[in-house]
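Here the structure is laid out as structure tokens; the discussion comes afterwards.
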Amino acid sequence: MGGLAIESIRELRKKQFFWMNISIILASGILFYLMSYQVILSHIQLVAGCLLLLSGIMMLLSIRKNLHVFNWSRQLRDYERKQLGTEWKIETRLAGITNLVLGMLFFWQWSSIRIDSTYHADADFLTFYMLPLLAVLLVAANVGLVLRARKVDKSSQGTWKSYAGRNFFARIIFGILLAVFILFLALSAVVLFI
Numbered sequence: 561m562g563g564l565a566i567e568s569i570r571e572l573r574k575k576q577f578f579w580m581n582i583s584i585i586l587a588s589g590i591l592f593y594l595m596s597y598q599v600i601l602s603h604i605q606l607v608a609g610c611l612l613l614l615s616g617i618m619m620l621l622s623i624r625k626n627l628h629v630f631n632w633s634r635q636l637r638d639y640e641r642k643q644l645g646t647e648w649k650i651e652t653r654l655a656g657i658t659n660l661v662l663g664m665l666f667f668w669q670w671s672s673i674r675i676d677s678t679y680h681a682d683a684d685f686l687t688f689y690m691l692p693l694l695a696v697l698l699v700a701a702n703v704g705l706v707l708r709a710r711k712v713d714k715s716s717q718g719t720w721k722s723y724a725g726r727n728f729f730a731r732i733i734f735g736i737l738l739a740v741f742i743l744f745l746a747l748s749a750v751v752l753f754i
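Every letter in the sequence shown is one number past the one before it in my numbering, and letter 36, counting from 1, is 596.
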């Protein structure tokens with residue numbers, strides 16, 4: 561299992577799940593809080609662009625440098641890097657580039673399509689639109705992480721030929737399906753609350 565005992569890997573995975581869920585819930589909570597007051601939509605685009613660019617840069621830098629705040633995340637990265645071999649670099653590079661492109665798209669939208677109107681979400685909108693969206697995001701993130709963790713943990717080294725490319729396209733397809741679901745929720749919210 562890549563030099564780590566099975567129990568050690570389970571503990572690292574538990575921490576990974578915990579911190580991923582806490583991060584999603586905290587980010588969503590901050591967004592919900594801001595949306596309950598009047599917020600300028602272009603500011604949300606700017607913040608999202610900054611976060612995606614920063615995330616992309618950190619991913620690309622982590623290929624060569626150890627940029628982990630927690631020791632457990634470094635151990636997990638080293639374990640996955642050993643399990644995946646060269647596919648780990650390809651996967652990390654694709655994820656970093658994707659985040660950079662998305663961040664640039666948010667910046668482009670922020671700078672060229674200024675939406676300076678303020679937005680205020682009422683309790684019904686937050687309940688009907690944002691909470692289901694948060695639930696779908698949490699389920700999708702957890703299912704994706706479980707599937708990936710099982711695949712990485714149960715495989716032997718060197719069995720990962722073209723995994724990164726297949727995984728990348730699967731994520732794109734899932735992202736498109738998630739975008740359609742979000743669009744459906746948004747249109748439903750517009751029809752019901754406006």
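For every residue, glycine included, the Cβ atom is placed at its ideal position computed from N, Cα and C.
All values derive from a computational prediction rather than experimental measurement.
Alpha helix (DSSP H) containing alanine 701: first to last residue? 691-713 is the span of the alpha helix (DSSP H), which, as asked, contains alanine 701.
Within 10 Å of its beta-carbon, does leucine 737 have 16 or more other beta-carbons around it, so buried, or fewer, so exposed? Classification for leucine 737: exposed.
Coil, strand or helix - lysine 642 by DSSP: Helix, per DSSP.
In angstroms, rounded to a whole number, what distance separates the CA positions of leucine 572 and tryptophan 632? Rounded to the nearest angstrom, the two C-alpha atoms are 6 Å apart.
Compare the Cα-Cα distances from serine 583 to each of Gly663, Arg637, Leu694 and report the closest residue. Across the set Gly663, Arg637, Leu694, the C-alpha of Leu694 shows the shortest separation from the C-alpha of serine 583.
Taking contact to mean at least 3 C-beta pairs separated by less than 8 Å, is the stretch 631-648 in contact with the stretch 605-621? They do not touch, by the three-pair rule.
Do valine 706 and glutamine 643 count as a contact pair if the criterion is CB distance below 8 Å? Taking 8 Å as the Cβ cut-off, glutamine 643 and valine 706 do not qualify as a contacting pair.
For leucine 606, is the beta carbon positioned less than 7 Å from some heavy atom of the ligand HEM? Ligands are entirely absent from the displayed structure, and the ligand HEM is therefore not among its contents.
CB of phenylalanine 728 within 8 Å of CB of leucine 662, strictly: No; because the gap between Cβ atoms is not below 8 Å, this pair is not in contact.
For a test of the three-state rule: what should DSSP assign to histidine 603, helix, strand or coil? Histidine 603 falls in the helix class under three-state DSSP.
Looking at asparagine 581: is its Cβ nearer than 8 Å to the Cβ of leucine 612? Pairing asparagine 581 with leucine 612 gives a Cβ-Cβ distance that is not under 8 Å.
Suppose the cutoff is 7 Å on Cβ atoms and the five residues either side in sequence are ignored; what does the same chain contact list for asparagine 626 look like? Excluding sequence positions up to five before and after asparagine 626, its CB lies within less than 7 Å of the CB of Arg634, all in the same chain and listed in chain order.
Less than 8 Å between the beta carbons of glycine 609 and phenylalanine 667, yes or no? Yes, Cβ-Cβ distance for glycine 609 and phenylalanine 667 is below 8 Å.
Given a threshold of 16 other Cβ atoms within 10 Å of its Cβ, counted over all protein chains shown, does isoleucine 733 qualify as buried or as exposed? Exposure of isoleucine 733 is indicated by the presence of fewer than 16 other C-beta atoms within 10 angstroms of its C-beta.
Reduced DSSP category for serine 672 - H, G, I as helix; E, B as strand; rest coil: Reduced to three states, the DSSP call for serine 672 is helix.
With asparagine 702 and phenylalanine 577 assumed to form a contact (beta carbons below 8 Å), what rounded beta-carbon distance in angstroms separates them? About 7 Å; that satisfies the 8 Å criterion.
Where does arginine 624 sit, in a helix, a strand or coil, going by DSSP? In the three-state reduction of the DSSP assignment, arginine 624 falls in the coil class.
Contact check, leucine 606 vs tryptophan 670 under 8 Å by CB: the rounded distance? That belief holds up - the Cβ atoms of leucine 606 and tryptophan 670 are roughly 5 Å apart, short of 8 Å.
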